[in-house]
Amino acid sequence: MKKLVTMFLTLVLCVGAICVPASAYYTEVTEMTYVTPSNSSIGTTTCTRTDEGGKTHTVYIFPAGTTFDCRSDGTVLMIYAWTLESLNNRTAGYFNSGYAYLANSYDSPDFVPEPGVVYLLEETNTMDFAQDMYIMVEGGASQSETPEEPEETTEPEPSASPFGDVAESAYYYDPVLWAVEEGITTGRSATSFAPNDTCTEANILTFLWRAYGEPASKTTENPFGTAVNTGSYYYDAALWAYEQGMIDETFDPNTACTRSQAVYFMWVAAGSPDDAAAASFTDVAADASYADAVNWAVAQGVTTGRTASTFAPDDTCTRGNIVTFLYRDLAE
């Protein structure tokens, strides 16, 4: 089946290359959706595309030894990597520029960049979706290049994560371990954290309440009516959030938490600072109730936009997203 999918994608790629130029629909992003680096970016620099008339692009720098996991959850994609040199030397279009890496998202080896070389990574369905990111891995010895001791062998240390679904290369690996250690949350089971499960408003308010030390509320009566049981695990957290002005009497604990709601809750808990510079997102109106929260979250490094110009305030958050936001706000 995978071979059939790959052959189909190759056919689509050829048709897409003729019918739809990549520049017509690609989006330059700060974080790719399906390509996952084994380490977080440690800084940025810039590069210049001479084939684009000297256009400048941001390049995200990664530590030595970083690799890029190009497998997805079943989304049909093709993943490319071109060197900056090959792009600057191309004569027309991406497709005759000579890619350094090409794979489908079903069964692909990790992309291992050459140290010190700038690459353009692209994930695309070849027809109407493409996300681009310029990356460079630093030179120097990686963990795999560390000289071996000739007279003794060292057994690799087991992963500190008890969860089989939290890989060390995942962006939420450290946040999950921190959240569990701090008592902010636990796994769905002893061996599963379920990082991709949707996070509800009850979940995030409980995480946030625990992160702030489980403060007692002064409210003695249930302001939410029958929607909230006083014996629920999140009841005390909901009362605290109610007193803080995060929610009102219409609170529905089972509502999925969106990106705008998540940063709003965290911003209120932080004291509602309003001195952050305005972020330039086209989908966040200046008078939106969460605009100051978005500005604060971006300034604090809690999160970024989905792209350079969009925040996607209505996108639903996962458990992995939320513990990462909290970690960046309260632990880093």
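Numbers -24 to -1, 1 to 308, taken from mature numbering (1 follows the signal peptide of the UniProt record, and there is no 0), label the letters of the sequence shown in order. Heads up, the beta-carbon is just placed ideally off N, CA and C, and yes, glycines get one too.
Quiz item: Taking C-beta to C-beta, are Asp86 and Cys46 nearer than 8 Å?
Solution: yes
Quiz item: Just curious, the beta strand (DSSP E) that Thr32 is in, first and last residue?
Solution: 31 to 38
Quiz prompt | Cut-off 7 Å between Cβ atoms - residues of its own chain near Val93, not counting five sequence neighbours on either side | solution = Thr59, Met112
Practice problem: Could you tell me how far apart the beta carbons of Tyr240 and Tyr266 are, in whole angstroms, since I believe they sit closer than 8 Å? | Solution: 4 Å
Quiz item: Exposed or buried, which one is Glu28 when buried takes at least 16 other CB atoms within 10 Å?
Solution: exposed
Quiz prompt | Sheet register partners of residue 314 (DSSP bridge) | solution = Nothing can be reported for residue 314, as the shown portion of the chain is limited to -24 through 308.
Quiz item: Taking three-plus beta-carbon pairs below 8 Å as touching, is the stretch 137 to 144 in contact with the stretch 156 to 170?
Solution: yes
Quiz item: Quick one: does the C-beta of Thr300 sit closer than 7 Å to a heavy atom of the ligand SAM?
Solution: Annotation note on the ligand SAM: not contained in the displayed structure, which lists no ligands.
Self-check item: Alpha carbon of residue 348 to alpha carbon of Asn65, nearest angstrom
Solution: Because the chain here runs from -24 to 308, residue 348 falls outside it and cannot be looked at.
Practice problem: Could you work out which residue in Asp250, Leu53, Ala262, Tyr147 is closest to Ala275 when comparing CA atoms only? | Solution: Asp250
Quiz item: Does the beta-carbon distance from Pro289 to Val244 come in below 8 Å?
Solution: no
Self-check item: Euclidean distance between Cα positions of Asn179 and Tyr211
Solution: 11 Å
Quiz item: If you follow the beta strand (DSSP E) that Thr182 is part of, which residue opens it and which one closes it?
Solution: Premise fails: Thr182 lies in the alpha helix (DSSP H), 177 to 187, not in any beta strand (DSSP E).
Self-check item: Phe301 beta carbon less than 8 Å from that of Ala238
Solution: yes
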